[in-house]
Every structure is written in structure tokens, then in C-alpha cells.
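The next block holds one structure in the form of C-alpha cells; read it before the comments.
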């Protein structure tokens with residue numbers, strides 16, 4: 655009798671190792687996506703703040719009289 659493990663056993667070990675690798679990769683991709691989303695959310699908040707400031711400045715300039723505007 656041989657001391658080699660059965661082929662099905664080796665195939666199962668290889669399949670499990672492959673699945674574990676795929677799971678690690680998927681978890682990493684998820685973490686990267688979460689970080690990218692967080693960065694995008696911060697950018698949206700920043701740009702929204704800048705847009706609101708620009709709108710306030712436009713409203714302020716439009717409220718000035720023609721003399722104050724330099725016309």
C-alpha cells in the first residue's frame with residue numbers, strides 16, 4: 655500500500671486553498687472599494703461646500719448697486 659494521500663483529498667485541499675485565496679482577494683477588493691467610496695464622499699462634501707460659498711458670493715455681488723460694482 656502507498657503512503658500517498660488519495661487524489662480526492664489532494665483535490666479538496668487545492669480547492670479549499672483556491673477558495674481561501676479568492677476570499678482574501680474579494681475582501682481586499684471590498685476594503686479598497688470602501689476606502690474609495692469614503693474618499694469620494696469627502697470630495698462631494700468639499701465640492702458642495704465650495705459651491706455653496708460660490709453661490710453666496712454671486713448673490714452678494716448681484717446685490718451690490720452698479721456704483722459698488724464699479725460700472
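Residue numbers (the numbering used here): 655 to 725.
Glycine is no exception: its CB is placed at the ideal position from the N, C-alpha and C atoms.
query: Taking only the alpha-carbon atoms, compute the straight-line gap between residue 668 and residue 701 and give it to the nearest angstrom.; result: 49 Å
query: If you run the structure through DSSP and keep just helix, strand and coil, what is residue 719?; result: coil
query: Step through the CB atoms of chain B and report whether any lies within less than 8 Å of the CB of residue 665.; result: Note that chain B does not occur in the displayed structure, where there is just one protein chain.
query: Return the CA-CA distance between residue 675 and residue 664, expressed in angstroms with no decimal places.; result: 17 Å
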